[in-house]
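What follows is a short report on a single structure.
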Amino acid sequence: MKVRPYDAHVLLCGGGDCKKRGSKEVRKVLKAELRAAGLNRDVRVDSVDCLGFCKHGPNAVVYGPNGHGGTWYLGLDEGKVPEVVSAHLKEGRPAGHLAAEYRPRKGAS
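When you read off a place in the sequence shown, starting at 1, and then add 29, the result is the number in this note's numbering.
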């Protein structure tokens, strides 16, 4: 079976805490922004049961082609979605101040 390639894949949390904080509305705005930008066929959006970080939701992870990247966005709301679409999904660079920072792994130099 062959799978259609996408330029990006967005996993959006649809767990209980994120739903209470507006993940359904975030998804609607995300899909509308992708359509408006002409990216709806290039970016796949899927809701998942839980991404963790529940108290910071709604949360999403954006992966590039072939699963590369993995940029986390915590505490998304409808007002932040256009910047994520414009910067990350259209221009290919994480939306700076909206992207979660990574902390070093234990034992990593």
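Glycine included, C-beta positions come from ideal geometry on N, C-alpha and C. Keep in mind it's a predicted model, so treat the numbers as computed, not measured.
Do A89 and L41 have their CB atoms nearer than 8 Å? Yes. Within cutoff.
Using the C-alpha atoms, what's the distance from P123 back to H97? Cα to Cα, H97 sits roughly 13 Å from P123.
Does any C-beta atom of chain B lie closer than 8 Å to the C-beta of D75? No chain B appears in the structure shown, which is made up of a single protein chain.
Am I right that A66 and V114 are in contact with their C-beta atoms under 8 Å? What's the rounded C-beta distance? 6 Å
Hey, R50 and S76 are a contact pair by Cβ (cut 8 Å); roughly how many whole angstroms apart? About 14 Å separates the two Cβ atoms, so there is no contact after all.
Nearest to G108 by alpha carbon, out of D46, G99, K31 and E62? E62
By how many angstroms is the C-alpha of G136 removed from the C-alpha of V91? 27 Å
Could you check what DSSP says for R50 in three-state terms: helix, strand or coil? coil
For A129, which residues from the same chain have a beta carbon less than 6 Å from its beta carbon, with the 5 sequence-adjacent residues on both sides left out? Taken in chain order, the residues that qualify are W101 and L103.
Candidates E112, K48 and Y35: closest to C79 by CA position: K48
Name the one or two DSSP bridge partners that Y35 has. Answer is none; Y35 lacks a bridge partner.
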